[in-house]
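Asks: Questions regarding the structure given below will be posed in turn.
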Amino acid sequence: MEESTKIEKFSSDNFGLWKDNIEDILYQKDNLYLALQGKKKKPEKMSDEDWDLLDRKALGVVRLTVANSVISNVRKETTTKGLMDALSRLYET
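Structure (structure tokens):
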């Protein structure tokens, strides 16, 4: 990640701030923010293959900003929306 977009890793006690920061980062990186909305919001002109690649890129960005102790609780999630929803259920107050 570029220095200007580096954020503190989410470690279970800073969810609200981390969530705002990761959303900001995804909005800065091409169309990665689309993955936050899930496949139902995939642009019509985008192929499934392109969507899967976009979602995987976004998932990687998000995972790299989550502490190992937290990511172990949500490792089964394979989409950006699924991961964010799982983290919200576990840590959002």
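To convert, note that position 40 of the sequence shown is 55 in the numbering used here; the numbers rise steadily by one, no gaps. From the three backbone atoms N, C-alpha and C, an ideal C-beta is built for every residue, glycine too. This one's a predicted model, so the numbers in the text were calculated from it and none came from an experiment.
#1: Looking only at DSSP bridge pairs, what is residue 10 linked to?
#2: If we count Cβ pairs, one from each stretch, closer than 8 Å, do we get three or more for the segment 60-67 versus the segment 38-45?
#3: If you run the structure through DSSP and keep just helix, strand and coil, what is residue 81?
#4: Is residue 25 near residue 94, with beta carbons less than 8 Å apart?
#5: Which word fits residue 96, buried or exposed, when buried means at least 16 other C-beta atoms lie within 10 angstroms of its C-beta?
#6: Tell whether a beta-carbon distance below 8 Å holds between residue 77 and residue 37.
Replies: Reading from the atomic positions:
#1: Outside the displayed range of the chain (16 to 108) lies residue 10, so it cannot be described from this structure.
#2: No contact exists between the segment 60-67 and the segment 38-45.
#3: Strand, per DSSP.
#4: Going by C-beta atoms, residue 25 is not nearer than 8 Å to residue 94.
#5: Sixteen is the threshold: when 16 or more other Cβ atoms of the shown chains lie within 10 Å of the Cβ of residue 96, as they do, the residue is buried.
#6: Yes; because the gap between Cβ atoms is below 8 Å, this pair is in contact.
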